[in-house]
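Colleague: Take any residue in the sequence shown, note its place counting from 1, add 1485, and you have its number in the working numbering.
All C-beta atoms in this analysis are idealised placements derived from N, C-alpha and C, irrespective of residue type, glycine included.
Have a look at this one before I ask anything.
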Amino acid sequence: EYMKYKDPKQPINTRIKDLIGRMTLAEKIGQMTQIERQVASADVMKKYFIGSILSGGGSVPAPQASPSIWVSMVNEFQKGALSTRLGIPMIYGIDAVHGNNNVYNATLFPHNVGLGATRDPDLIKRIGEATALEVRATGIQYTFAPCIAVCRDPRWGRCYESYSEDHTVVQQMTDIILGLQGEIPVNHTKGVPYVAGKDKVAACAKHFVGDGGTHNGINENNTIIDEHGLLSIHMPPYYDSIIKGVATIMVSYSSLNGVKMHANHDLVTGYLKSKLHFRGFVISDWLGIDRITSPPGENYTYSVQAGINAGIDMVMVPYNYTDYIDDLTSLVHKGIVNMNRIDDAVRRILRVKFTMGLFENPLADLSFADQLGKKEHRELAREAVRKSLVLLKNGNPPNQQFLPLPKKARRILVAGSHASNLGYQCGGWSIQWMGSSGDITTGTTILDAIKSTVADSTPVVYSENPDESFMKHNDFSFAIVVVGEPPYSETVGDSTDLTILDPGPDTIRTVCSAVKCVVVIVSGRPVVIEPYVPLMEALVAAWLPGTEGQGVADVLFGDYGFTGKLPRTWFKSVDQLPMNVGDPHYDPLYPFGFGLAINSS
Ligand SMILES: OC[C@@H]1[C@@H](O)[C@H](O)[C@@H](O)c2nc(CNc3ccccc3)cn21
């Protein structure tokens, strides 16, 4: 029979009201539950009325799975959701944080720190558009991006996920939301989520709030800051995200002045929902409510109570969903969690699902399959790589600039741990959660890029870590040394020394003391480089460029100029940290905003 909520001609508020009026408590709580794909099935979706599924970092249906394998998996789960009494479609989320990075063959864009160096919001919007298409290629409708952290200490393992230490740069880069979700219509009500359609995805501004401001950059730790500091540094990107119609916001693992964000009613409900009028849904992080207690999970019922009553609408459980459902059900029966809280959460979740057309188009097809890793997207990523490069040194007095390099030369040496390693240039959140070394997916290494850029007559010799005798017995016009950090994610990336991966420093010393060299740093953040600067002719920060290494060679050899500007202060020594632009004591090696250009030859 006719049911209003199924009628796309009805206003969204009418559809929500009609549907919510029909739902049992079990169906409502099911919508508030997100489970990991490894514990999901069509039967589980049907039995527990599950509203959402995710792929955690590296969680794929099969190694190197094709779009059709992805689409079949997502559709299988969706059919389970659609077979429930009310047929509410599920939404599938994944961390597409620099392209659809869990997926083999996807275009991997530079990580956010490199995008911050471009200062080009239009480019970032186009990256959002391409990313939405590559996510839809796999049948997925939701990405846990962008991370809008304002990283204030590069010792934080997630600093590369932050566009900048300066909130105004981060605010500019929230334009990626317009690419991911679509341009918001004129007179769109501020705070209301907006996702244009089948070639767009729901986005997720994360992690609310102050994730980038933890003490000494310790991941998931305590952000100690007064209200003015919070509202002037960490909060502004949420204003922009909400104005741009972001569909969801993820809560931070971190604490604010000792209060866990996942249990912070004042900020999640009092500020984000009531003051900023955010009308999409708030999602927890992975085991985020478990980590409200220490040790985590010590009192799960309390975790559920505190998280839901703080204003979390959907919990990324991700595995023990029956505990979550049972605990929340009994908390409601006891009146500890109010039904109005449940209805607010479900209303928000349904608003996102209705506005993005999920009820009308719950099932994916292969019409976007050819978007995955397509040439145009790789060219876009190559453009982003070019614009992300920051020239920090070019030439030693008294001679002129060293870059751009000549394409015709007698013999070129390429050296360094990061010259021929696609996994290293992609960084964390690349195929694996923490990334990995080697040929992780399809792409172009910096070495291959150099080889295809120089003249055919110019020999390129590659030696990862040449010794002195090799340098003594070989004659090179110049050398390109590519070194930096290994891939990492989250707490594993926390560092107190910020050194270049060994034997990088030795490679610099051995090569650059024997022949004129340019050093290219592949890292998620500024690293210790000062001691080696005198040894090199030129120094380039390449951040984590992703699969399209050609962009590095494009600029090194002068096909394009250097335009990147530091999105972060480059310290002299870690003893100075934290040190950010605007600090009273500011003594950087290279300041925020610094970046040399090539004098047009
Ligand atoms: O991947 C889902 C979320 C992600 O969106 C958050 O930004 C991040 O804080 C986050 N951390 C985890 C934990 N990841 C994990 C991956 C593999 C095994 C165990 C945990 C999941 N997530």
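Could you name each continuous alpha helix (DSSP H) segment of 4 residues or more that falls completely within the stretch 1604-1683, going from the start of the chain to the end?
Modeller: If we require 4 residues or more, the alpha helix (DSSP H) runs fully inside the stretch 1604-1683 come out as 1606-1621, 1652-1658 and 1661-1666.
Colleague: Whose CA, out of T1518, L1567 and P1595, lies closest to the CA of E1864?
Modeller: Among T1518, L1567 and P1595, the Cα nearest to that of E1864 belongs to P1595.
Colleague: Identify every run of the beta strand (DSSP E) within the stretch 1941-2013, keeping only runs that are complete inside it and at least 3 residues long; order them along the chain.
Modeller: The qualifying runs are 1945-1948, 1963-1969 and 2002-2007.
Colleague: Sort V2013, L1983, P2076 and V1967 by Cα distance to G2034 and report the nearest one.
Modeller: Considering only alpha carbons, the answer is V1967.
Colleague: Cβ of M1735 versus every heavy atom of ligand 1: is any distance shorter than 7 Å?
Modeller: For ligand 1, at least one heavy atom lies less than 7 Å from the Cβ of M1735.
Colleague: With DSSP as the reference, please indicate the residues paired to S1915 in a beta bridge.
Modeller: S1915 is bridged to Q1917.
Colleague: Quick one, what's near ligand 1 if you take every residue whose CB is closer than 5 Å to any heavy atom, in chain order?
Modeller: Any residue whose Cβ sits closer than 5 Å to a heavy atom of ligand 1 makes the list: G1541, G1542, D1580, F1629, D1770, W1771 and W1918.
Colleague: State the Cα-Cα distance for the pair F1955 and V1899, rounded to the nearest angstrom.
Modeller: Each residue's Cα considered, the two are about 13 Å apart.
Colleague: Specify the secondary structure class of I1437 as computed by DSSP and reduced to three states.
Modeller: Residue numbering for the chain in the displayed model covers 1486 to 2086; residue 1437 lies beyond these limits and cannot be assessed.
Colleague: Keeping to the same chain, check which residues put their C-beta closer than 6 Å to that of E1486; ignore five residues upstream and five downstream.
Modeller: No residues qualify anywhere along the chain.
Colleague: For V2059, I'd like the list of residues in its chain whose CB is within less than 8 Å of its CB, leaving aside the five on either flank, ordered along the chain.
Modeller: If we look at V2059 and ignore the five residues flanking it on each side, its Cβ neighbours are R1640, T1981, D1982, L1983 and V2013.
Colleague: Could you spell out where the beta strand (DSSP E) holding K1878 opens and where it closes?
Modeller: Element bounds for K1878: V1875 to N1879.
Colleague: Assuming T1603 and A1869 are in contact, meaning their beta carbons sit under 8 Å apart, how far apart are those beta carbons, in whole angstroms?
Modeller: Sure, about 7 Å apart at Cβ, within 8 Å.
Colleague: Could you check the C-alpha separation between Y1806 and M1824 for me, to the nearest Å?
Modeller: Looking at the two C-alpha atoms, the distance is approximately 20 Å.
Colleague: Going by DSSP, which residues form a beta bridge with K1838?
Modeller: For K1838, which the question treats as bridged, DSSP gives no partner whatsoever.
Colleague: Mind checking which residues open and close the beta strand (DSSP E) that includes Y2045?
Modeller: Note, Y2045: premise wrong, no beta strand (DSSP E); not H, not E.
Colleague: Candidates R1896, T1674 and V1817: which alpha carbon is nearest T1509's?
Modeller: Taking only the C-alpha atoms, the option nearest T1509 is V1817.
Colleague: Assuming P1847 and L2081 make a contact with CB atoms under 8 Å, what is their CB distance in whole Å?
Modeller: Not confirmed; about 52 Å, so no contact.
Colleague: Starting from A1795, follow the alpha helix (DSSP H) in both directions and report where the run begins and ends.
Modeller: Where A1795 is concerned, the enclosing alpha helix (DSSP H) stretches over Y1785 to A1795.
Colleague: Buried or exposed, going by whether 16 or more other CB atoms sit within 10 Å of the CB of A1904?
Modeller: Looking at its Cβ environment, which holds 16 or more other Cβ atoms inside 10 Å, A1904 is buried.
Colleague: Quick one: what's E2033 bridged to in DSSP?
Modeller: E2033 is bridged to T1929.
Colleague: Assign S2086 to buried or exposed, taking buried as 16 or more other Cβ atoms, counted over all protein chains shown, within 10 Å of its Cβ.
Modeller: Model confidence at S2086 stands at a pLDDT of 48, short of 50, so the residue's coordinates are unreliable and nothing is read from them.
Colleague: Let me make sure I understand the geometry here. Which of T1840, D1808, V1694 and I1916 has the alpha-carbon closest to that of R1500?
Modeller: Closest by alpha carbon: T1840.
Colleague: Y1521 lies in the alpha helix (DSSP H); which residues open and close that run?
Modeller: Note that residue 1521 corresponds to Glu in the displayed sequence, not to Tyr. Careful: E1521 lies outside any alpha helix (DSSP H), inside the beta strand (DSSP E) at T1518 to E1521.
Colleague: With C-beta atoms as the reference, is I1965 less than 8 Å away from L1877?
Modeller: Their beta carbons are not under 8 Å apart, which means I1965 does not touch L1877 by this criterion.
Colleague: Expressed to the nearest angstrom, what Euclidean distance is found between the alpha-carbon atoms of S1974 and N1587?
Modeller: So the two alpha carbons sit approximately 13 Å from each other.
Colleague: Between A1622 and P1722, how many whole angstroms is the CB-CB distance? I'm expecting something under 8 Å.
Modeller: Rounded, the Cβ-Cβ distance is 28 Å, inconsistent with contact.
Colleague: What do you get for M1488, buried or exposed, if any count of 16 or more other CB atoms within 10 angstroms of its CB means buried?
Modeller: Label assigned to M1488: exposed.
Colleague: Distance check for A1615 and I1662, CA to CA, integer angstroms please.
Modeller: In a straight line, the C-alpha of I1662 is about 12 Å away from that of A1615.
Colleague: Find out if the Cβ-Cβ distance for the pair G1667, V1680 is shorter than 8 Å.
Modeller: Closer than 8 Å, so yes.
Colleague: Going by DSSP in three states, V2066 sits in which element: helix, strand or coil?
Modeller: Three-state result, V2066: coil.
Colleague: Sort M1735, R1832, V1598 and F1693 by Cα distance to G1506 and report the nearest one.
Modeller: The candidate whose alpha carbon is nearest that of G1506 is R1832.
Colleague: In the DSSP assignment, find the unbroken beta strand (DSSP E) run with I1579 in it and report its ends.
Modeller: Taken as a continuous stretch (DSSP letters only), the beta strand (DSSP E) holding I1579 covers I1576 to I1579.
Colleague: What does DSSP give as the partner residue(s) for A2026 in the beta ladder?
Modeller: Beta-bridge pairing links A2026 to V1875 and I2006.
Colleague: Determine the direct distance from the alpha carbon of L1504 to that of Q1495, and round the result to whole angstroms.
Modeller: Cα-Cα distance, rounded: 12 Å.
Colleague: Quick one: using the 10 Å Cβ neighbour count with 16 as the cut-off for buried, is V1654 buried or exposed?
Modeller: Buried, since its Cβ has 16 or more Cβ neighbours within 10 Å.
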